[in-house]
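Residue numbers (this note's numbering), protein chains in the order written: chain A, 574 to 692; chain B, 574 to 692. Quick reminder that beta carbons are idealized off the backbone N, C-alpha and C, glycines included. All values reported here derive from a predicted model rather than from experimental measurement. The structure appears below as structure tokens.
Protein chains: 2
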Amino acid sequence: MVKFSQAGLDASFTALSDATRRGVLEQLGHSDASITDLAEKFQMTLAGMMKHVGVLEEAGLVTTEKVGRVRTCKLGASRLEQETAWLEKQRQLWDARFDELDEVVEELKRKEKNNGSKK
Amino acid sequence: MVKFSQAGLDASFTALSDATRRGVLEQLGHSDASITDLAEKFQMTLAGMMKHVGVLEEAGLVTTEKVGRVRTCKLGASRLEQETAWLEKQRQLWDARFDELDEVVEELKRKEKNNGSKK
Chain A
574 MVKFSQAGLD ASFTALSDAT RRGVLEQLGH SDASITDLAE KFQMTLAGMM KHVGVLEEAG
634 LVTTEKVGRV RTCKLGASRL EQETAWLEKQ RQLWDARFDE LDEVVEELKR KEKNNGSKK
Chain B
574 MVKFSQAGLD ASFTALSDAT RRGVLEQLGH SDASITDLAE KFQMTLAGMM KHVGVLEEAG
634 LVTTEKVGRV RTCKLGASRL EQETAWLEKQ RQLWDARFDE LDEVVEELKR KEKNNGSKK
């Protein structure tokens, strides 16, 4: 059984809860980029982009490296494994629960039909 | 190709970014529960729990129904399909990118070895 880090999940899902931050991750999935590149691409101030990148860094989704005056962003060590595992576990519970409810509905339908045929 | 609803992903990932809200979803995956039950289980005030349930409701992850004085919570229509699909897509990009980097490293190693053997 996977033991989830609640603080880790908090940080990752917070990082993923913003469209720009998800966009940055998709971009870095294709190629590394500087903060300036990212700010331009997402039509944002440098300060605004640095804040978003900071949130992604805290969640381990991005790492940055400053060489000279350029800070380059690349994908971090987190591969979203915990997050994917949590979603999968939840979806399994979900499916089991809906299957249960389906059975209850089927059972009610059968009873209804039997009652109808007895009339 | 899946077309993602950015507002939907924002709402879901925000809802998932809190350990109590994730706990509520897990609980409702096992059985429906009243706000009072949930508040007790998570050692929280009724008002605090109602707020969390409100965030889950907005994301479509929970629905509630008030019968008499009891508000019962159950799983909502969202099955986290978009969220799982988004994570999967990102992980594929990730893997491809890391494979690419591995190849670059291998290539450098080969060159290094060849240079070494020439000396």
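| Asked | Found |
| --- | --- |
| Start and end residues, beta strand (DSSP E) containing residue 644/B | 643-648 |
| Residue 636/B (DSSP reduced to helix, strand or coil) | strand |
| For residue 651/B: DSSP bridge partner residues | In DSSP, residue 651/B forms no bridge with anything. |
| Identity of the residues DSSP links to residue 607/A by a beta bridge | 645/A |
| The stretch 613-630 of chain A contacting the stretch 585-595 of chain A, beta-carbon criterion three pairs below 8 Å | yes |
| Within chain A, partners of residue 602/B - CB distance below 7 Å | 663, 666, 667, 670 |
| Integer-rounded CB distance, given that residue 621/B should sit under 8 Å from residue 633/B | That belief does not hold up - the Cβ atoms of residue 633/B and residue 621/B are roughly 21 Å apart, past 8 Å. |
| Residue 629/B at chain A interface by Cβ criterion, 9 Å | no |
| Boundaries (first-last residue) of the alpha helix (DSSP H) holding residue 586/A | 579-589 |
| The stretch 655-666 of chain A touching the stretch 665-683 of chain B, judged by at least three CB pairs closer than 8 Å | no |
| Straight-line gap, residue 644/A to residue 580/B (C-alpha atoms, nearest Å) | 30 Å |
| CB contact below 9 Å: residue 592/A versus chain B | yes |
| Proximal chain A residues relative to residue 657/B, where beta-carbon distance stays under 7 Å | 660, 664 |
| CB contact flag (residue 615/B, residue 640/B, <9 Å) | no |
| Helix, strand or coil at residue 617/B according to DSSP, with G and I counted as helix | coil |
| Chain B contact for residue 611/A (CB, 9 Å cutoff) | no |
| Local conformation of residue 576/B per DSSP, three classes | coil |
| Pair within 9 Å by beta-carbon distance, residue 674/B and residue 585/B | no |
| Interface residues of chain B facing residue 579/A [CB-CB closer than 7 Å] | 592 |
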